[in-house]
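One structure is given below, encoded as structure tokens.
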Amino acid sequence: MAEANWYVVHTYSGYENIVKENIEKTIENRHLGDQILEVRVPMQSVVEVKNGVQRTVEKKMFPGYVLINMVMNDDIWYVVRNTRGVTGFVGPGSKPVPLTEAEMRPLGIQIESVNSVIVDFEEGDSIRVTGGIWKDTIGIIQSMNHGKQMVTINVDMFGRETPVEISFTDIRKL
Numbered sequence: 017m018a019e020a021n022w023y024v025v026h027t028y029s030g031y032e033n034i035v036k037e038n039i040e041k042t043i044e045n046r047h048l049g050d051q052i053l054e055v056r057v058p059m060q061s062v063v064e065v066k067n068g069v070q071r072t073v074e075k076k077m078f079p080g081y082v083l084i085n086m087v088m089n090d091d092i093w094y095v096v097r098n099t100r101g102v103t104g105f106v107g108p109g110s111k112p113v114p115l116t117e118a119e120m121r122p123l124g125i126q127i128e129s130v131n132s133v134i135v136d137f138e139e140g141d142s143i144r145v146t147g148g149i150w151k152d153t154i155g156i157i158q159s160m161n162h163g164k165q166m167v168t169i170n171v172d173m174f175g176r177e178t179p180v181e182i183s184f185t186d187i188r189k190l
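Quick note: the sequence shown, position 151, residue 167 per this note's numbering, numbers continuous.
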């Protein structure tokens, strides 16, 4: 079987999530899960201040674009290209060009073999923070994000339990 790559699909503005849902329905209906592996609308957290109130919201990194991890062939190209809301693939003419590893890195997309980090702790373990502003803090791992190489622990801040993300390199299992 051919190798799957990440491709960029151009959509009508504001249709990114609709296109994602339509492609995912097509995958399910036509049993294409082995050829279209993942569909993403890249998002980023942005801090907004409105009327003096600060809040974190999710914004699209690339309005008008959707990323698809798929095995490129004529049939799959046709299915994706003819999805409602899709205007075409990014690339010269009608020939889609896959993203390179360097282009994927800032998007938080990593190849699994590059992403495999072996750690000696897991969710529920007690850890001590060994670096950063939370140095010497003891906490219990609430969640782990291997892609970002971060753990989330709860710390007591102003009398409240507050989740804090700490790098894998800044903690040690107790």
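C-beta atoms are modelled at their ideal positions from N, C-alpha and C, and glycine is treated no differently.
### Message
Relative to the C-alpha of Lys75, which candidate in Asn89, Pro58, Leu83 has its C-alpha closest?
### Response
Taking the first residue of the sequence shown as 1, we reach residue 75 at position 59. The shortest C-alpha separation from Lys75 is found at Pro58.
### Task
Give me whichever residues DSSP pairs with His162 in a beta bridge.
Numbered from 1 along the sequence shown, position 146 holds the residue referred to as residue 162. Answer is none; His162 lacks a bridge partner.
### Query
Which residue comes first and which comes last in the alpha helix (DSSP H) that contains Arg121?
For the purposes of this step, residue 121 is identified with residue 105 of the sequence shown, where counting begins at 1. Here Arg121 belongs to no alpha helix (DSSP H), and DSSP marks it neither H nor E.
### Message
Rounded to the nearest angstrom, what separates Ala118 and Val62 at their Cα positions?
### Response
Position 102 of the sequence shown, counted from the first residue, corresponds to residue 118. Position 46 of the sequence shown, counted from the first residue, corresponds to residue 62. Roughly 24 Å between the two C-alpha positions.
### Query
Do you know how far the Cα of Leu190 is from the Cα of Asp141?
Within the sequence shown, numbered from 1, the residue matching residue 141 stands at position 125. Within the sequence shown, numbered from 1, the residue matching residue 190 stands at position 174. Looking at the two C-alpha atoms, the distance is approximately 8 Å.
### Query
From Asp91 to Gly49, what does the alpha carbon distance come to, in whole angstroms?
By one-based count along the sequence shown, residue 91 stands at place 75. By one-based count along the sequence shown, residue 49 stands at place 33. If you take the alpha carbons of Asp91 and Gly49, they lie about 14 Å apart.
#### Entry: Through-space distance from Ile149 to Ser29, alpha-carbon basis
As a working mapping, residue 29 is identified with position 13 in the sequence shown. As a working mapping, residue 149 is identified with position 133 in the sequence shown. Their Cα atoms are separated by approximately 41 Å.
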